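A.B. asks: For the sequence shown, the numbering used here begins at 21 and goes up steadily by one.
Cβ coordinates follow ideal geometry from the N, Cα and C atoms, glycine included.
Owing to the predicted nature of the structure, the values given are computational and were not obtained by experimental measurement.
If you scroll down you'll find the structure; I have some questions about it.
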Amino acid sequence: MHSGDIKEFIEIHSQCLEYESGIDSYSEELRDRRATACSSGDEDDFRLMIPVLNGIIADAEAYRGYLTEMFLGGDGDD
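Written out as structure tokens, the structure reads:
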């Protein structure tokens, strides 16, 4: 492994951590909203989980797109 390779993998690792951190944040929020919804029994509280799930999906798709671009050179729809 060359020093350039090491730098590239450090950058990739760092970027992956950023994507995972965003997904983790959404997951924590989702757990909190689920707990609130289950405690309250209010349908509106359950509905508030949907935008959080959408955030997880968007972050996961962006992460997949990043990895696909980095290692497959495609758009990830294969």
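(1) Answer yes if the region 25 to 32 comes into contact with the region 48 to 56, meaning at least three C-beta pairs across the two stretches below 8 Å, and no otherwise.
(2) Can you tell me where the alpha helix (DSSP H) holding Leu87 begins and where it ends?
(3) Classify Asp62 as buried or exposed, calling it buried when 16 or more other Cβ atoms lie within 10 Å of its own Cβ.
(4) Could you tell me whether the region 37 to 47 touches the region 81 to 93, where touching means 3 or more Cβ pairs closer than 8 Å?
(5) Quick one: using the 10 Å Cβ neighbour count with 16 as the cut-off for buried, is Asp79 buried or exposed?
C.D. replies: Looking at the coordinates:
(1) no
(2) 69 to 91
(3) exposed
(4) Three or more Cβ pairs closer than 8 Å define a contact, and the region 37 to 47 meets that threshold against the region 81 to 93.
(5) buried
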